[in-house]
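Q: Right, I'll just put the structure down here and ask away after.
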Amino acid sequence: MTLLYNGREDIPAPRDAVWSFVTNPANIASCMPDVQSSTVIDDHTFDATVGIAVGPVRGSFKFHVVLAPASDGSAMGMKISGGGFGSVVDLDANATIADGASAGTTVLDWRGVANMRGPVATVGGRVLDSQARRVIETTFANVKAKLSTPAAV
């Protein structure tokens, strides 16, 4: 099963602060919902164990996450691969990063493609879509919340 997502996020923080935040694996791991544990491997890589509850599929999935920042600071790519309980999930996502319309704001235009195989893919598109949207919305809400605190900027 393949799911496609895209959107635009307006972040109330300067571009440099957003770039610094999204290129740090520990920061990204801290914004993902339902993370039970995470281990930073290097400057662009981390592993995470995430609690999953999609229909009858419940448990912990292990993911390997690789961040791929553009050298000019204009875009960020991310690859997530892993799974659990006989299911496999692969996600390729990317975002362009630009100054927002208002001073001190940043815009992320993003796109993601998720491919799922195994029991998690059998629960149905509507259930998976709902869960994926919750994860996306929660992750971006956490990024915005962390960047809006004075210590993050």
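One gets my numbering by counting positions in the sequence shown from 1 and adding 1228 to each.
Cβ coordinates follow ideal geometry from the N, Cα and C atoms, glycine included.
(1) Which residues does DSSP pair with H1292 in a beta bridge?
(2) Just to confirm, is the Cβ distance from T1324 to V1246 under 8 Å?
(3) May I ask you to report which of helix, strand or coil DSSP gives A1380?
(4) Are there three or more Cβ pairs, one per stretch, closer than 8 Å when the region 1334-1347 is compared with the region 1298-1317?
(5) According to DSSP, is D1300 part of a helix, a strand, or is it coil?
(6) Taking D1275 as the reference, give the member of G1235, V1282 and S1288 with the closest Cα.
(7) What does A1247 pair with, by DSSP beta-bridge criteria?
(8) Does A1373 come out as helix, strand or coil in the three-state DSSP assignment?
A: Taking the geometry as given:
(1) D1275 and S1309
(2) no
(3) Bear in mind that the predicted position of A1380 carries a pLDDT of just 49, short of 50, making it too unreliable to give a figure here.
(4) yes
(5) coil
(6) S1288
(7) According to the sequence displayed, residue 1247 carries Trp and not Ala. For W1247, which the question treats as bridged, DSSP gives no partner whatsoever.
(8) helix
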